[in-house]
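Below: the structure, in structure tokens.
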Amino acid sequence: MLEIFNFRYACKSFNPTKEIPQEDFGVILESARLSPSSFGFEPWKFLVLKDKALKNTLKSVCWGGENALDNASEFVVILARKKVDLVADSAIFSIW
């Protein structure tokens with residue numbers, strides 16, 4: 000496992016003819032969802048984009064992500080809460 004974490008590679012190019020098998024992609028997403036945050040709130044959600052028209056629409060706001068939007072089979076947008084939401088008296092914690 001440490002060998003995997005020590006290897007860092009930022010993919011600059013994707014093969015548009017290949018797709019991640021759905022079973023593998025499901026494991027990747029579930030691993031990300033279950034990854035702990037520093038406060039234990041896990042304040043994120045993941046939006047998976049596959050639709051080419053929608054990905055094209057996002058190009059103007061995805062600085063550095065243009066290549067992935069064009070060629071990756073899935074494009075994951077991470078939605079995260081802001082710091083202001085992660086305080087004891089915020090609305091997110093009122094249900095507890």
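Sequential numbering from 0 applies to the sequence shown in numbering that gives the first Met the number 0.
All C-beta atoms, glycine included, are put in the ideal place defined by N, C-alpha and C.
Query: PRO42 versus SER36: straight-line alpha-carbon distance, rounded; Result: 8 Å
Query: Simplified DSSP assignment, three categories, for ALA150; Result: Any answer about residue 150 is impossible in this case: the structure gives the chain only from 0 up to 95.
Query: contact_flag[the region 1–14, the region 48–58] where n(CB pairs < 8 Å) is 3 or more; Result: no
Query: Classification of ALA31 by the beta-carbon crowding that lies within 10 angstroms, buried from 16 upward; Result: exposed
Query: Neighbour-count burial assignment, LYS17, 16 or more Cβ in a 10 Å radius; Result: exposed
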